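The numbering of the sequence shown is our numbering, which starts it at 15 and goes up by one.
Taking it in order: structure first as structure tokens, then the write-up.
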Amino acid sequence: MTSAFDPYVLGGKRLANRIAMAPMTRSRAAVPGAIPTEMTATYYAQRAGAGLIITEGIQPSVVGQGYTNTPGLHSAEQVAAWRTVTDAVHAEGGVIFAQLMHVGRIGHAGVLPEGLVPVAPSAVAAAGQIFTYEGMQDFTPPKELTEDEITATIGDFADAARNAIAAGFDGVEIHGANGYLIQQFLSTSANRRTDGWGGSIEGRIRFGVEVATAVAGAIGGERVGFRISPHNTHNDIAEDDVEQMYGALIARLAPLGLVYLHVMESDHRDLTGRLRKEWPTTLILNPFTGGTPTGPQELALIEDGTADIIAFGAMFLANPDLPARLAAGGPFNAPDFSAAFGGDHRGYIDYPALS
15 MTSAFDPYVL GGKRLANRIA MAPMTRSRAA VPGAIPTEMT ATYYAQRAGA
65 GLIITEGIQP SVVGQGYTNT PGLHSAEQVA AWRTVTDAVH AEGGVIFAQL
115 MHVGRIGHAG VLPEGLVPVA PSAVAAAGQI FTYEGMQDFT PPKELTEDEI
165 TATIGDFADA ARNAIAAGFD GVEIHGANGY LIQQFLSTSA NRRTDGWGGS
215 IEGRIRFGVE VATAVAGAIG GERVGFRISP HNTHNDIAED DVEQMYGALI
265 ARLAPLGLVY LHVMESDHRD LTGRLRKEWP TTLILNPFTG GTPTGPQELA
315 LIEDGTADII AFGAMFLANP DLPARLAAGG PFNAPDFSAA FGGDHRGYID
365 YPALS
């Protein structure tokens, strides 16, 4: 029987086990410059026992940033700083992918350089607030991307992917989940376009497909994963025709030869099963657990074939050596959510709820 502790080959890389560290926003990059620090290298190297590390969200462009102190992959200084992180992880025997995350409308002008505002498929503001350097603020109404700007944004993703490989990453994950830019294009509430980038299912999936096509063309599909979160309403997202839309998206992504699909699951295990059958390569699952952290019991989803790899978020914060603890049956440190969300008003926190 297949076990979570068996090795796994992902895009030619041998993973020590089938346990992934899920991406979690950290807001600890140095400013100015959105540059990862020595602490970033220590943090990920401590967790190199994961079969696969997927980093915090990294913006592919300046305007792709939404949260304070998040890192980028669009400057030479950022590439050099990330190289220290990947070297540290590789020295411990780990494999690490960079998550490319453009937040779209989930941001605030106060976090961006003067003159820039968040961008989105349509000029529709998200309900809610975000932490800025001046405290909590309503989301800034976004600027609707022109067709030329959409093309340029797709290019930003491809450029950031090339930068990731130059920085020593083993691959990248395209963030198409959690209400950020790619899912905003998928959403009938955030995307009200009537041109070829909206309206029909084919129009709404087009941006994500073209980002994946460009990134795979830049660095090879064997180095590219794609994350989705069907039925997830985070960041004021509403989606119509979810089953049909994600089926169409998967059908268009499958021929690209991407190395994995990463599903952040809602309470729809039947859809997970369908995606599992239709997706031709590795399926990574961040399973639905009803609001509690993913735990040892979810390892059974590898044994029964539901997924190839299980992604753990919050438990990796409290247990840097989580795979070893899972193998031993514990003990496990409990994540301290009160400290994470109630303590540091500068926003230098991990966001396990987004894992």
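Beta carbons are placed, not taken as given, at the ideal position from N, Cα and C, and that holds for glycine.
In this text the structure is predicted, and so the values were computed from the model without any measurement.
By the Cβ criterion, the segment 261-271 is not in contact with the segment 297-313, since fewer than three pairs of Cβ atoms, one from each stretch, lie closer than 8 Å.
With contacts defined by Cβ atoms closer than 8 Å, ASP254 and THR202 form a contacting pair. As the crow flies, the alpha-carbon of ALA95 is around 15 Å from that of ALA175. The C-alpha of GLY343 is placed about 8 Å away from the C-alpha of PRO310. Burial of VAL77 is indicated by the presence of at least 16 other C-beta atoms within 10 angstroms of its C-beta. Sixteen is the threshold: since fewer than 16 other Cβ atoms of the shown chains lie within 10 Å of the Cβ of GLY149, the residue is exposed. Listed in chain order, the non-local C-beta contacts of ASP281 below 6 Å within the same chain comprise PHE302, local neighbours out to five positions each way being set aside. Short of 6 Å from the beta carbon of ALA341, and not among the five residues preceding or following it, lie these beta carbons of its own chain, in chain order: PHE19. Within a 10 Å sphere around the beta-carbon of PRO269 sit fewer than 16 other beta-carbons, which makes this residue exposed. For the pair ASP173 and HIS245, the Cα-to-Cα distance works out to about 30 Å.
Residue nearest to PRO349 within the set ALA338, TYR260 and ALA328 is ALA328 (criterion: CA-CA distance). A Cβ-Cβ distance of about 6 Å is found for the pair ALA204 and PRO135, placing them in contact under the 8 Å criterion. For ILE72, the uninterrupted beta strand (DSSP E) segment begins and ends at 66-72. Counted as a single uninterrupted DSSP element, the stretch harbouring GLN311 is not any beta strand (DSSP E), since DSSP gives it neither H nor E. In chain order, PRO85 and GLY86 place their CB closer than 6 Å to the CB of ALA48, counting only its own chain and leaving out the 5 sequence neighbours on each side. Taking 4 residues as the minimum length, the alpha helix (DSSP H) runs contained wholly in the segment 212-280 are 215-233 and 256-267, in order along the chain. By the criterion of a C-beta distance shorter than 8 Å, PRO294 is surrounded in its chain by ALA268, once the five residues flanking it on both sides are discounted. Cβ neighbours of ILE67 within its own chain (closer than 8 Å, five residues either side excluded): ALA34, MET35, TYR58, ARG61, VAL103, GLY108, VAL109, ILE110 and PHE111. An exposed status is given to ASP162, since fewer than 16 other beta-carbon atoms sit within 10 Å of its beta-carbon. Residue pairing by DSSP puts GLN113 in a beta bridge opposite GLY71 and GLU187. With a minimum length of 3 residues, the unbroken runs of beta strand (DSSP E) contained wholly in the segment 131-183 fall at 143-146 and 149-152. In the three-state reduction of the DSSP assignment, MET38 falls in the coil class, being assigned neither a helical nor a strand state. Within the same chain, GLU161 and GLY217 come within 8 Å of ASP209 by CB-CB distance, once the 5 residues on both sides are set aside. Per the coordinates, the alpha-carbon of ALA139 lies some 11 Å from the alpha-carbon of ILE251. The C-beta separation of LEU289 from VAL277 comes to about 6 Å, placing the pair in contact by the 8 Å criterion.
Rounded to whole angstroms, the gap between the alpha carbons of SER243 and HIS189 is 10 Å. Short of 7 Å from the beta carbon of GLY129, and not among the five residues preceding or following it, lies no beta carbon of its own chain. Taking 8 Å as the cut-off, the beta carbon of VAL131 is found no closer than this to the beta carbon of VAL186. Taking 8 Å as the cut-off, the Cβ atoms of GLU70 and PRO37 count as close.
Assignment of beta-bridge partners to PHE326 by DSSP yields MET35. THR308 sits close to ILE324, with the two beta carbons spaced by under 8 Å.
Relative to GLN79, the option among ASN177, THR16 and LEU195 whose CA is nearest is LEU195. For GLY86, the three-state secondary structure derived from DSSP is strand.
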